[in-house]
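Below is one structure, written out as structure tokens; the observations come after it.
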Amino acid sequence: MLASSEMQIRRTAGSRPIGQTGSSSTGTSASPIGNDKRKHESILYSDAAVRFNENSLEQCRTSVSALSGCVAGIIGLTSYKGFLFYGFSMFLLSVLIFMFIRHEHRKFFTGLNHVFVNGFFNGLLTYVLFWTFLYGMVHVY
């Protein structure tokens, strides 16, 4: 599956539906309803592209959860420090992804919460699995 560089279809500000004509010399619409339509343009998303992007984000979160669980187990974090480390690693991943998409989250996701919130607890079980396994291998045995 190939990822397209443009994930949304947006109607330009200058385009009008068929049959709507007339504009004043200043470039604004003759009726106040036309201005209202332009302010509230709907953005259309490709369902396949959004699912692909969310799946890619979920794979990144799972990989970082496993990696940070390994690190937490090896350095010997216990109790709340381990969970704080997980929160820090997920927040760092979200910030890096947000910086990578250059504040154009609407191009790739339907909302900003997909980058920061969704999938936060899905990787927690993977994190705990790797954290306890490597802690036991390094510090117990």
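One point on numbering: in UniProt numbering, the residue at position 77 of the sequence shown is 77, and numbering is uninterrupted. Even for Gly, the Cβ is constructed at its ideal location relative to N, Cα and C.
(message) If you follow the alpha helix (DSSP H) that GLU58 is in, where does it begin and where does it stop?
(response) To locate residue 58, count along the sequence shown from 1; it is residue 58. For GLU58, the enclosing alpha helix (DSSP H) starts and ends at 47-75.
(message) For a test of the three-state rule: what should DSSP assign to PHE121, helix, strand or coil?
(response) Here the question's residue 121 lines up with position 121 in the sequence shown. DSSP places PHE121 in coil when its eight states are reduced to three.
(message) Within 10 Å of its beta-carbon, does MET90 have 16 or more other beta-carbons around it, so buried, or fewer, so exposed?
(response) Here residue 90 refers to the residue found at position 90 when the sequence shown is read from its first residue. MET90 comes out buried.
(message) Can you list, in chain order, the residues of its chain with a C-beta nearer than 8 Å to that of CYS60? Leave out the 5 residues immediately preceding and following it.
(response) Along the sequence shown, read from residue 1 onward, the residue named residue 60 stands at position 60. Here the set comprises LEU93 and ILE97.
(message) Please report the distance separating the alpha-carbon of TYR45 from that of HIS105.
(response) For this step, residue 45 is matched to residue 45 along the sequence shown. For this step, residue 105 is matched to residue 105 along the sequence shown. Note on geometry: alpha-carbon atoms of TYR45 and HIS105 lie some 12 Å from one another.
(request) For the stretch 125-140 and the stretch 105-114, state whether three or more C-beta atom pairs, one from each stretch, are separated by less than 8 Å. (result) Too few Cβ pairs lie closer than 8 Å, so no.
(request) Could you give the DSSP three-state label for LEU44: helix, strand or coil? (result) The residue you call residue 44 lines up with position 44 of the sequence shown. Strand.
(request) Grab me the residues of THR78's own chain with a C-beta within less than 8 Å of its C-beta, minus the 5 sequence neighbours each way, in chain order. (result) Taking the first residue of the sequence shown as position 1, residue 78 is located at position 78. Excluding positions up to five away in sequence, the list reads TYR135.
(message) Whole angstroms are fine: how far does the CA of PHE120 sit from the CA of TRP131?
(response) Position 131 of the sequence shown holds residue 131. Position 120 of the sequence shown holds residue 120. Each residue's Cα considered, the two are about 16 Å apart.
(message) Would GLY87 and TYR127 be called neighbours here (beta carbons separated by less than 8 Å)?
(response) For the purposes of this step, residue 87 is taken as the residue at position 87 of the sequence shown. For the purposes of this step, residue 127 is taken as the residue at position 127 of the sequence shown. No.
(message) In the DSSP assignment, the alpha helix (DSSP H) including SER109 goes from what residue to what residue?
(response) As a position in the sequence shown, residue 109 is number 109, starting the count at 1. Looking at the sequence provided, one finds Phe at residue 109 rather than Ser. From DSSP, PHE109 is part of no alpha helix (DSSP H); its letter is neither H nor E.
(message) Between which two residues does the alpha helix (DSSP H) holding TYR86 run?
(response) For the purposes of this step, residue 86 is taken as the residue at position 86 of the sequence shown. Counting along the chain, the alpha helix (DSSP H) containing TYR86 begins and ends at 79-100.
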